[in-house]
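Asker:
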Amino acid sequence: MKIAVFSSKKYDVDSFNKLEHNHTIHYFETTLSESTVALAAKHDAICAFVNDHLNDDVLQRLNELNIKAVFLRCAGFNNADITAAEKYGIAIYRVPAYSPEAVAEHAMALVLCLSRKIHKAYNRIRDNNFSLERLTGFTLNGKIIGVVGTGNIGKCFCRIALGFGCRVIAYDVREDEELVKMGVEYHSLDKVLEHSHIISLHVPLFPETHHMIRKESIKKMRDGVMIINTSRGALIKTRDVIKALKSGKIGYLGIDVYEQEENLFFEDLSEKIIQDDLVSRLMTFPNVLITSHQAFLTSEALQEIAEVTLQNVEDHLNGVSTKNRII
Ligand code: NAI
């Protein structure tokens, strides 16, 4: 099969190159959009990532180019118009769970960095400032951690939080029995928002979860709450979060994803003027930590992504039914 890989970075090329296969793979650094979809010509399939555009126009163009399969290198598929894919008869595959531990560990890294002010200490020490003033943190043991979404990643995060001696409360549309046995308590979303010292988001981005963290939901939270988002940026309404950070209602924010990240993340913009005033405002807060969608980025996870993607290609070619096929 001839496959055009979009949004590819050196680490993607390296992980695919470690595997044996009979396919011809062309790597394009550019993201997939209306203006770049022509690069897919003369390929049999494309391989895309989180910020590639798989809207109706792009899928229509892929259909015209006779491309009938899209292999996502990610779990979330909110960037793909599933109805349009069905209309054009294009199959979409994903990698549903590649090292969920990697993402959950990153979420906890954000919690620990913020709760112990590691980001401030790192900079201070480099400036020969060994003072401890204003570095007082808080102990995690005994705190209430609210986990929103207890699927693959949320479940790992629950286990990690339990290991720290936290009380873990959770909200999901379906309860995980194993977690209940481990001591996780399921409650309504409102209860989880109301009681948690720390809230970690692990639900996918769907119309019903879009902006689930906004003015009305923030009002229900404890004063000084910590919010962690490693799922998808649009779970949070950034403007409302900025207001709550200014008032002190939100005490800490750790995000690996951002609503408008496609214009920023994965690129070196160090010589550019950032045009996004919301992210620029977020970057000014001492209690906000931003990473650029790197929670998945471990060598173990990258290898798994490459392996499962190539297995999805094989399954597609051989007509094997797989749960990794979304449509
Ligand atoms: P999953 O599908 O295993 O779990 C999602 C959970 O959310 C399920 O338990 C489901 O029942 C629950 N859920 C769905 N809709 C809900 C709703 N309306 N209300 C409450 N619960 C709801 O997904 P997984 O693997 O845990 O991934 C979660 C998200 O993490 C992905 O959708 C993706 O957006 C994000 N992600 C981020 C990465 C990063 O590098 N930052 C890497 C991988 C995934």
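So the mapping is simple: our numbering equals the position in the sequence shown, first residue as 1, plus 254. By construction, the Cβ of each residue, glycine as well, lies at the ideal position given by its N, Cα and C atoms.
1) Just reading off the beta strand (DSSP E) that residue 420 is part of, what are its end residues?
2) How about the region 360-375 and the region 559-573: do they share at least three Cβ pairs that are nearer than 8 Å?
3) Quick check: the region 471-479 against the region 334-353, are at least 3 beta-carbon pairs closer than 8 Å?
4) Taking just the CA atoms, how far does residue 387 sit from residue 487?
5) By alpha-carbon positions, which one of 526, 570 and 504 ends up nearest to residue 543?
6) From residue 364 to residue 257, what does the alpha carbon distance come to, in whole angstroms?
7) Let me check understanding here. Comparing Cα to Cα, which of 279, 306, 284 and 405 lies closest to residue 296?
8) Quick one: residues in its chain with C-beta nearer than 6 Å to the C-beta of residue 556, no 5 flanking neighbours on either side, listed in chain order?
9) Whole-angstrom Cβ separation of residue 409 and residue 389, contact assumed at under 8 Å?
10) Does the distance from the CB of residue 475 to the CB of residue 453 come in under 9 Å?
11) From the DSSP output, which residues share a beta bridge with residue 203?
12) Got a sec? Which residues, its chain only, sit under 6 Å from residue 326 by beta carbon, not counting five neighbours each side?
13) For residue 600, which of helix, strand or coil comes out of DSSP?
14) Flag residue 425 as yes when its Cβ comes closer than 8 Å to any non-hydrogen atom of the ligand NAI, and as no otherwise.
15) Taking the CB atoms as reference points, tell me whether residue 511 and residue 547 lie closer together than 9 Å.
16) Would the beta-carbon of residue 299 fall within 9 Å of that of residue 267?
17) Could I get the ranges of all uninterrupted alpha helix (DSSP H) runs contained in the region 515-566, with 4 residues as the minimum, in chain order?
18) How far does the alpha helix (DSSP H) with residue 498 in it extend, from its first residue to its last?
19) Rounded to whole angstroms, what's the CA-CA distance from residue 471 to residue 502? Just pull it up for me.
20) Could you name each continuous alpha helix (DSSP H) segment of 4 residues or more that falls completely within the region 416-489, going from the start of the chain to the end?
21) If you follow the alpha helix (DSSP H) that residue 506 is part of, which residue opens it and which one closes it?
22) Determine, using beta carbons only, whether residue 421 and residue 397 come nearer to each other than 9 Å.
23) Look at the Cβ atom of residue 339, then the Cβ atom of residue 313, and state whether they are nearer than 9 Å.
24) Which first and last residues belong to the beta strand (DSSP E) in which residue 334 is found?
25) Spatial neighbours of residue 581 within its chain, please: CB distance less than 7 Å, with the 5 preceding and 5 following residues excluded, ordered by chain position.
26) How far does the alpha helix (DSSP H) with residue 357 in it extend, from its first residue to its last?
27) Got a sec? Which residues, its chain only, sit under 6 Å from residue 309 by beta carbon, not counting five neighbours each side?
28) Where do the ends of the alpha helix (DSSP H) carrying residue 374 lie?
29) Go ahead and pull the three-state DSSP assignment for residue 308.
30) For residue 408, which three-state DSSP category applies?
31) Just checking residue 576 against the ligand SAH - is the residue's beta carbon closer than 8 Å to any of the ligand's heavy atoms?
Answerer: Let me lay it out:
1) From DSSP, residue 420 is part of no beta strand (DSSP E); its letter is neither H nor E.
2) no
3) no
4) 33 Å
5) 504
6) 36 Å
7) 279
8) 265 and 269
9) Contact doesn't hold; Cβ gap of about 33 Å is too wide.
10) yes
11) Nothing in the structure corresponds to residue 203, since the chain is present only between 255 and 581.
12) 302 and 348
13) Because the chain spans 255 through 581 in this model, residue 600 falls outside it and cannot be assessed.
14) yes
15) yes
16) no
17) 531-536
18) 492-501
19) 15 Å
20) 431-436, 443-449 and 469-473
21) Element bounds for residue 506: not the alpha helix (DSSP H) but the beta strand (DSSP E), 504-509.
22) yes
23) yes
24) Where residue 334 is concerned, there is no enclosing beta strand (DSSP E), given that its DSSP letter is neither H nor E.
25) 336, 339, 340, 345 and 346
26) 354-369
27) 335
28) 372-380
29) strand
30) helix
31) As presented, the structure is devoid of the ligand SAH, carrying the ligand NAI as its sole ligands.
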